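Enquirer:
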Amino acid sequence: MAYRVVLIENEVEMRVKLNNLIVRKNGEDIWIPLDDISMIIIDNLFSMLTVRILWQLADKGIGLIICDQKHLPIGYYNSYDNHTRASKVLGGQIKLADGLNNIIWKEIVKQKIINQGKAYYILCGDVVIRDKIWAFSENLEDGDSTNREGHAAKVYFNSLMGCTFSRGNDDIILNSGLNYGYAIIRSYIARLCVGYGLNTQIGIHHRNEYNRFNLVDDIMEPIRPFVDILAYRLLFSEKLFKPEHRYALVNILNHNVIYRGKCMYLSNALDEYVEQFASLIMGRCDKIEFLDIEKYIGEKDEI
Numbered sequence: 042m043a044y045r046v047v048l049i050e051n052e053v054e055m056r057v058k059l060n061n062l063i064v065r066k067n068g069e070d071i072w073i074p075l076d077d078i079s080m081i082i083i084d085n086l087f088s089m090l091t092v093r094i095l096w097q098l099a100d101k102g103i104g105l106i107i108c109d110q111k112h113l114p115i116g117y118y119n120s121y122d123n124h125t126r127a128s129k130v131l132g133g134q135i136k137l138a139d140g141l142n143n144i145i146w147k148e149i150v151k152q153k154i155i156n157q158g159k160a161y162y163i164l165c166g167d168v169v170i171r172d173k174i175w176a177f178s179e180n181l182e183d184g185d186s187t188n189r190e191g192h193a194a195k196v197y198f199n200s201l202m203g204c205t206f207s208r209g210n211d212d213i214i215l216n217s218g219l220n221y222g223y224a225i226i227r228s229y230i231a232r233l234c235v236g237y238g239l240n241t242q243i244g245i246h247h248r249n250e251y252n253r254f255n256l257v258d259d260i261m262e263p264i265r266p267f268v269d270i271l272a273y274r275l276l277f278s279e280k281l282f283k284p285e286h287r288y289a290l291v292n293i294l295n296h297n298v299i300y301r302g303k304c305m306y307l308s309n310a311l312d313e314y315v316e317q318f319a320s321l322i323m324g325r326c327d328k329i330e331f332l333d334i335e336k337y338i339g340e341k342d343e344i
């Protein structure tokens, strides 16, 4: 299984040869087997790659993220379709009744709120606020028609970051870290969805006609607190969003988590998690096991 996330922050030239990505930097070639790469992030506006590389990446199911001048992901490229039964899975998505979609969304929101409460407790140790956040997960209606998700998020972020904090304020360094981390997870889940034949535009709750990744935005909601914990620890007291912060956020995919009774990389856990969504849509299972933030271990040396 591909496991490497390649982050490119220098001006380089890239080509492919003998099933390897060759990165030429300062006159030297770095060879990386394509079969080892799950995703490439290019954070340099002067780096060069060829259409042949794009074809190879699509053929291998390797995702490609392009960052802007502020070092934030702005574009994503992936294979159009690399699943042999994509049409059948697509039919299952289209036939999924609104009632079932609403039930699934309720479970997604419930786990997101639970993980937010646990993340707050992990970072701040405050039982009172944790329980206040958790209260929004009780008596949820199908489809979360009362927007408990939004109310919980407001309490969560205001308590964690302060009442003046706004997720829409690009001048707050922590927001840069959150946006960067979310984009990494979002892009990785998009890659997995395509691999399992899921159409990322057909969402469970998100239905924006201009959003190519409605389904991805649904699936990733309970995963956001994993990024919150890492970004908060990295950036809460920082003044600048530095390269080492970006390295650490990219590496979250290689952090360890206990999922379905096994210790594994977060990337592998996300693979199994997305597979369950595909199975649910195809009627092969009737329940999804969500990732629990309490079972987030971190890097190997933290075990």
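So the number in my numbering is just where the residue sits in the sequence shown, counting from 1, plus 41.
Where is the CB? At the ideal position from N, CA and C, for every residue including glycine.
Keep in mind the model is a prediction, meaning the values are calculated, not measured.
1. What does a CB cutoff of less than 7 Å around Arg93 pick up in its chain, not counting 5 residues either side in sequence?
2. How about Ile322 and Leu137: are their beta carbons less than 8 Å apart?
3. Buried or exposed: where does Phe282 fall if 16 or more other Cβ atoms within 10 Å of its Cβ makes it buried?
4. Compare the C-alpha of Leu113 against each of Ile83, Leu98 and Ala319 and name the closest.
5. For Tyr314, I'd like the list of residues in its chain whose CB is within less than 7 Å of its CB, leaving aside the five on either flank, ordered along the chain.
6. To the nearest angstrom, how far is the alpha carbon of Ala289 from that of Asp172?
7. Return the first residue and the last residue of the beta strand (DSSP E) that Pro263 is part of.
8. Please check the pair Asn295 and Tyr306, which I expect to be a contact at CB under 8 Å, by giving their CB distance rounded to whole angstroms.
9. Under 7 Å Cβ to Cβ from Cys234, same chain only, skipping five residues before and after it: list those, please.
10. Hey, which unbroken runs of the alpha helix (DSSP H) at 4 residues or more fall wholly within the stretch 154-224?
11. To the nearest angstrom, report how far apart Gly116 and Phe254 are at their CA atoms.
12. Please determine, among Leu105, Ile334, Pro284 and Tyr229, the residue with the shortest C-alpha to C-alpha distance to Glu50.
13. Can you say whether Arg325 is buried or exposed, counting buried as having 16 or more other CB atoms within 10 angstroms of its CB?
14. Closer than 8 Å is the cut-off here; do at least three beta carbon pairs connect the stretch 171-189 with the stretch 137-156?
15. Rounded to whole angstroms, what is the Cα-Cα separation between Ile214 and Gly203?
16. Suppose you measure from the CA of Ile334 to the CA of Lys159; what does that come to, to the nearest Å?
17. Is it buried or exposed for Ser79, if we count other Cβ within 10 angstroms and need 16 for buried?
18. Under 6 Å Cβ to Cβ from Arg45, same chain only, skipping five residues before and after it: list those, please.
19. For the alpha helix (DSSP H) that contains Asp312, what are its first and last residues?
20. Residues bridged to Gly339 by DSSP?
Expert: So, from the listed chains and residues:
1. Val57
2. yes
3. The residue is buried, with at least 16 neighbouring Cβ atoms inside 10 Å.
4. Ile83
5. So the qualifying residues of the chain are Leu332.
6. 30 Å
7. Here Pro263 belongs to no beta strand (DSSP E), and DSSP marks it neither H nor E.
8. Your pair Asn295 and Tyr306 checks out as a contact, with CB atoms roughly 5 Å apart and the cut at 8 Å.
9. Result list for Cys234: Thr241, Leu256, Val257 and Val315, in chain order.
10. 168-175 and 189-202
11. 12 Å
12. Pro284
13. Of the other Cβ atoms in all chains shown, fewer than 16 fall within 10 Å of the Cβ of Arg325; this residue is therefore exposed.
14. yes
15. 14 Å
16. Ile334 and Lys159: Cα-Cα distance of roughly 7 Å.
17. Taking every protein chain shown into account, the CB of Ser79 has 16 or more other CB atoms within 10 angstroms, so this residue is buried.
18. Asp77 and Ile78
19. Leu307 to Ile322
20. Asn297, per the DSSP bridge assignment.
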